[in-house]
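Single-structure report; data block below.
In our numbering, the protein residues as written are 15 to 412.
Quick look at the structure:
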């Protein structure tokens with residue numbers, strides 16, 4: 015079959031290529047441009063139409079300004095969709111395939127596992143059909159019958175064809191911090207096909223507590239990992255496939271704790287204003303550290319210790335913070351930073367969106383926190399009202 019360059023969902027250009035390649039007749043006996051066969055339809059094979067090339071590529075863009083000065087910009091090129099003709103008995107949702115057979119010209123419906131698929135009659139011939147698998151086709155359970163059915167004016171034909179479940183994709187997570195026995199909720203798609211979840215770096219297995227196609231609740235294992243992506247195994251046709259999460263999950267059992275549900279050993283509130291554990295909000299567990307900044311005041315809140323931060327052997331300071339009524343810029347402050355704690359140092363801003371939890375993972379090499387006995391966040395204000403920010407899982411990570 016002649017290679018076809020596939021660049022968009024508009025497939026009107028494919029017809030002429032199919033004619034050249036022999037999959038469409040040149041006879042123009044009716045409005046279709048060919049005479050459909052009157053016999054029962056047959057399917058001899060199904061072919062892929064294209065594939066996505068994810069190889070790293072660069073693009074170079076050269077521009078000139080009004081004075082004729084040249085400017086060159088080098089960037090990464092997007093993924094490239096290219097022709098790929100290969101016989102297959104499996105397919106993916108929302109991808110295009112070519113059905114090859116005989117007496118297909120009078121096709122009235124095409125179904126995958128009982129779900130009708132749209133096809134463009136301008137792109138059919140008596141020997142081929144181009145069709146995209148609908149996203150609503152069931153891929154698991156009794157409804158996944160593995161049947162491709164083509165019905166014409168002169169009969170129908172059934173062909174064994176498996177629509178593969180999409181790989182599990184994490185769109186949101188309740189938290190990326192865990193301890194042994196704690197639960198994390200993943201929200202996304204494709205979770206119904208998941209058979210197991212492990213920490214990739216240690217192979218420690220999480221327990222699946224609740225599972226649907228869009229929700230996966232995990233009970234996290236005891237582990238030696240400091241941080242690790244999740245490795246999700248899932249059923250894909252007759253095989254088991256795996257996908258790795260892009261998010262790293264932190265095992266707080268192996269972190270240095272300043273504050274989680276309560277203060278870490280030797281730590282306490284050392285704030286200019288109200289700062290204390292609160293059950294009003296929590297990212298993980300049952301409480302967080304509530305730091306209140308009164309309206310119109312220059313204020314610094316944070317944590318204190320008589321021994322200081324043991325940053326040696328650790329790489330990051332990480333924490334979650336829930337914003338106030340408005341979006342603010344807070345600034346990292348510490349007794350080990352230039353000028354000391356709460357000295358109007360604005361060299362390390364932290365932008366905190368309003369009303370949502372935001373995760374920060376800061377390289378210790380940039381913070382000047384080694385041995386700090388007093389660190390936190392300060393704000394010049396707030397101007398409009400008292401504001402409370404909630405900090406949770408304030409830890410050092412290796």
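Even for Gly, the Cβ is constructed at its ideal location relative to N, Cα and C. Bear in mind that the values here come from a model prediction, so they are computed numbers and not experimental data.
Kindly indicate which three-state DSSP category residue i falls into: helix, strand or coil?
{"i": "residue 268", "result": "helix"}
{"i": "residue 39", "result": "Note that residue 39 scores 41 on pLDDT, short of 50, meaning its location in the model is unreliable and no value can be drawn from it."}
{"i": "residue 205", "result": "helix"}
{"i": "residue 379", "result": "helix"}
{"i": "residue 137", "result": "helix"}
{"i": "residue 263", "result": "strand"}
{"i": "residue 128", "result": "coil"}
{"i": "residue 360", "result": "coil"}
{"i": "residue 214", "result": "coil"}
{"i": "residue 219", "result": "strand"}
{"i": "residue 105", "result": "strand"}
{"i": "residue 150", "result": "coil"}
{"i": "residue 83", "result": "coil"}
On a Cα-Cα basis, can you pick out the residue from the options that is closest to residue i?
{"i": "residue 400", "options": "312, 151, 126, 256", "result": "312"}
{"i": "residue 62", "options": "55, 101, 84", "result": "101"}
{"i": "residue 402", "options": "305, 390, 319", "result": "305"}
{"i": "residue 406", "options": "307, 166, 277, 353", "result": "277"}
{"i": "residue 58", "options": "142, 136, 121", "result": "142"}
{"i": "residue 188", "options": "270, 241, 199", "result": "199"}
{"i": "residue 114", "options": "149, 139, 383, 131", "result": "139"}
{"i": "residue 54", "options": "112, 117, 105, 47", "result": "117"}
{"i": "residue 245", "options": "85, 310, 263", "result": "263"}
{"i": "residue 168", "options": "340, 348, 50, 252", "result": "50"}
{"i": "residue 396", "options": "343, 280, 163", "result": "343"}
{"i": "residue 183", "options": "334, 231, 243, 259", "result": "259"}
{"i": "residue 255", "options": "197, 217, 296, 210", "result": "210"}
{"i": "residue 165", "options": "195, 159, 129", "result": "129"}
{"i": "residue 144", "options": "160, 110, 161", "result": "110"}
Report back the beta-carbon spacing between residue i and residue j to the nearest angstrom; my notes put them in contact at under 8 Å.
{"i": "residue 147", "j": "residue 126", "result": "5 Å"}
{"i": "residue 316", "j": "residue 391", "result": "6 Å"}
{"i": "residue 202", "j": "residue 178", "result": "Between residue 178 and residue 202 the Cβ distance is about 17 Å, and since that is not below 8 Å, they are no contact."}
{"i": "residue 249", "j": "residue 207", "result": "5 Å"}
Start and end of the beta strand (DSSP E) containing residue i?
{"i": "residue 162", "result": "161-166"}
{"i": "residue 109", "result": "Run containing residue 109: none; DSSP gives neither H nor E here."}
{"i": "residue 8", "result": "The chain is shown only over 15 to 412; residue 8 falls outside these bounds and no answer can be derived."}
{"i": "residue 422", "result": "Limits of the chain in this structure are 15 at one end and 412 at the other, which puts residue 422 out of reach."}
{"i": "residue 169", "result": "169-174"}
{"i": "residue 231", "result": "229-233"}
{"i": "residue 187", "result": "183-187"}
{"i": "residue 237", "result": "That residue, residue 237, is in no beta strand (DSSP E); it is neither H nor E in DSSP."}
What ranges does the beta strand (DSSP E) occupy inside the stretch 275-321, keeping only unbroken runs of at least 3 residues that lie completely in it? 281-283, 289-292, 302-307, 312-319
List in chain order: all unbroken beta strand (DSSP E) runs of 3+ residues lying wholly within the stretch 367-412. 371-377, 388-394, 401-411
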